[in-house]
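Undergrad:
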Amino acid sequence: MGTSQRFPQLITFFALSILIFQTHHSNAFYFHCNPHLPVLGRPIHPTDIDLLQFALNLEYLETEWFLNGALGYGLDNIAPRLAAGGPPPLGAKIAKLDNLTKEIIAEFGYQEVGHLRAIKSTVGGFPRPLIDLRARNFAKIMDNAFGYNLDPPFNPYLNTINYLLASYIIPYVGLVGYVGASPNINGYVSKGLLTGLLAVESGQDAVIRTLLYQKAEEIVPPYKNLTVADFTTHISCLRDRLGACGDKDEGLIVSRNSGAERRTSSNILSADSNSLAYRRTPAEILRIVYGTGDESHPGGFLPKGGGGKLATEMRMFRLNDHLN
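Start counting the sequence shown at 1338; every next residue gets the next number (the numbering used here).
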């Protein structure tokens, strides 16, 4: 066979070789950069939807708190479609923050917008509920934490340290809620969403607690005898009282017997005796966020109640009790 006759065969051979190499390389790239999907199971189990949608209540709250605190405007300016026509928050405004804290809080706010988008695009959602971010609401929370009325009333927007103390109240509640939901999530896409959300919420809480820990022994003006650590301890105790399901919360400084491996009194990351994160149920979360200790009695940050099936059903129990 002459060269001219073999030439088409050589071309075909090289073309097939390149195709096989590219296919192999492409598959190798896929498996190196993408997770293997489970052999069994489904992407989103029907029972996952209500739990993941419930998280929107905290995500809406955090979005508006961080964005307004850093920028002076919220979701309606950044991504109005995600608010889905829900009412604007009450009393939200810019806080007097130092430049570093403002940059951090703005980043947190933008992250929360992404969380809303991720949840809604995966399992759907509901419009933003009415959120109360008025200074007097935070003042009431602090008064409840200490058991008496602070004088003057606590104002979260007054300065950096007040804003960080107010921020101490919020992300941790979402964190323990995600940990509590994780055993009940069954779909592999749902699990991926939850773990991604939990990782960032944990990071936000850790940053806030670290910033506060640096000033743990400092007096919070104008409250002459109250340190930053005192505030965190009382807030954590309040959340435990409202949650009503045992000790699942700790301030920045604890006794050595309560610290990690009973070897430290620092408590930058709140965790149990094995240094595992605490977990809370949706009912516990609502008791805390409502500030009423009753998941069927709205108030606090969500004066008209949370959105979604779980929060609505819990309110209906109270309505049915009144009717009966």
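For every residue, glycine included, the Cβ atom is placed at its ideal position computed from N, Cα and C. Remember, predicted model here, so these are calculated numbers, not experimental data.
Among all the DSSP beta bridges, which residues are the ones paired with Ser-1603?
TA: For the purposes of this step, residue 1603 is identified with residue 266 of the sequence shown, where counting begins at 1. DSSP lists Ile-1590 as partners of Ser-1603.
Undergrad: To which residues of the same chain is Arg-1616 closer than 7 Å at the C-beta, ignoring the five residues directly before and after it?
TA: For the purposes of this step, residue 1616 is identified with residue 279 of the sequence shown, where counting begins at 1. Cβ within range, chain order: Val-1513, Val-1516 and Gly-1517.
Undergrad: Taking all protein chains shown into account, decide if Pro-1464 is buried (16 or more other Cβ within 10 angstroms of its Cβ) or exposed.
TA: Within the sequence shown, numbered from 1, the residue matching residue 1464 stands at position 127. Counting Cβ neighbours within 10 Å, Pro-1464 comes out exposed, since fewer than 16 surround it.
Undergrad: What three-state label does DSSP hand Glu-1650 in the structure shown?
TA: Numbered from its first residue, the sequence shown carries residue 1650 at position 313. Glu-1650 falls in the helix class under three-state DSSP.
Undergrad: Residues in the same chain with beta-carbon distance under 6 Å from Thr-1570, minus the five sequence neighbours each way, listed in chain order, please.
TA: By 1-based counting over the sequence shown, the position of residue 1570 is 233. Around Thr-1570: Gly-1588.
Undergrad: Does the separation of the CB atoms of Ile-1507 and Val-1450 fall below 8 Å?
TA: The count along the sequence shown starts at 1 and reaches residue 1507 at position 170. The count along the sequence shown starts at 1 and reaches residue 1450 at position 113. Result no, Cβ atoms of Ile-1507 and Val-1450 do not sit closer than 8 Å.
Undergrad: DSSP three-state call for Leu-1531: helix, strand or coil?
TA: Here residue 1531 is taken as the residue at index 194 of the sequence shown, counted from 1. The answer is helix: DSSP assigns Leu-1531 an H, G or I state.
Undergrad: Tell me where the alpha helix (DSSP H) around Ile-1498 begins and ends.
TA: The count along the sequence shown starts at 1 and reaches residue 1498 at position 161. Element bounds for Ile-1498: 1497–1506.
Undergrad: For Ala-1472, which option in Asp-1567, Ser-1519, Tyr-1500 and Ala-1614 has the closest C-alpha, if you only look at C-alpha atoms?
TA: Walking along the sequence shown from the start, residue 1472 turns up at place 135. Minimum Cα distance to Ala-1472 is reached at Tyr-1500.
Undergrad: Using a Cβ-Cβ cut-off of 6 Å (strictly less than) and excluding sequence neighbours within five positions of Asp-1435, which residues of its own chain qualify?
TA: Within the sequence shown, residue 1435 is the residue found at index 98, counting from 1. Result list for Asp-1435: Thr-1497, in chain order.
Undergrad: How is the alpha helix (DSSP H) around Tyr-1280 delimited, first residue to last?
TA: Any property of residue 1280 remains undetermined from this structure, which presents the chain solely from 1338 to 1661.
Undergrad: Leaving out five residues before and five after Val-1544 in sequence, what residues of the same chain have Cβ atoms less than 7 Å from its Cβ?
TA: As a first step, residue 1544 is located in the sequence shown; it is residue number 207 there, counting from the start. Ile-1441, listed in sequence order.
Undergrad: Ordered along the chain, which non-local residues of its own chain (more than five positions away) have a Cβ less than 8 Å from that of Thr-1564?
TA: For the purposes of this step, residue 1564 is identified with residue 227 of the sequence shown, where counting begins at 1. Cβ neighbours of Thr-1564 beyond the five flanking positions: Ala-1553, Glu-1554, Glu-1555, Ile-1556 and Val-1557.
Undergrad: Contact between the region 1620–1635 and the region 1595–1606 is defined here as three or more beta-carbon pairs at a separation below 8 Å; is this criterion met?
TA: No, the region 1620–1635 does not touch the region 1595–1606.
Undergrad: From the DSSP output, which residues share a beta bridge with Asp-1631?
TA: Along the sequence shown, read from residue 1 onward, the residue named residue 1631 stands at position 294. None; Asp-1631 has no bridge partner.
Undergrad: Hey, which unbroken runs of the alpha helix (DSSP H) at 4 residues or more fall wholly within the region 1546–1592?
TA: Runs found: 1565–1580.
Undergrad: Can you name the residues that DSSP bridges to Gly-1636?
TA: Within the sequence shown, residue 1636 is the residue found at index 299, counting from 1. BP columns for Gly-1636 point to Leu-1639.
Undergrad: Contact defined as beta carbons within less than 8 Å: I believe Leu-1530 pairs with Ala-1455. What is the distance between those atoms, to the nearest angstrom?
TA: Here residue 1530 refers to the residue found at position 193 of the sequence shown. Here residue 1455 refers to the residue found at position 118 of the sequence shown. That pair is a contact at about 6 Å.
Undergrad: Around the C-beta of Arg-1379, are 16 or more other C-beta atoms found within 10 angstroms, so that it is buried, or is it exposed?
TA: Against the sequence shown, residue 1379 aligns to sequence position 42. Exposed is the call here.
Undergrad: Helix or strand or just coil, what does DSSP make of Asp-1542?
TA: The count along the sequence shown starts at 1 and reaches residue 1542 at position 205. Three-state result, Asp-1542: helix.
Undergrad: Within this structure, are the beta carbons of Thr-1384 and Asn-1523 separated by less than 8 Å?
TA: Looking up residue 1384 in the sequence shown gives position 47. Looking up residue 1523 in the sequence shown gives position 186. Their beta carbons are under 8 Å apart, which means Thr-1384 touches Asn-1523 by this criterion.
Undergrad: Taking its Cβ as the centre, do 16 or more other Cβ atoms sit within 10 Å of Glu-1650, making it buried, or is it exposed?
TA: Indexing the sequence shown from 1 puts residue 1650 at position 313. The residue is exposed, with fewer than 16 neighbouring Cβ atoms inside 10 Å.
Undergrad: Would you call the CB atoms of Lys-1727 and Leu-1467 closer than 8 Å?
TA: Here the chain has residues from 1338 to 1661 only, and residue 1727 is not among them.
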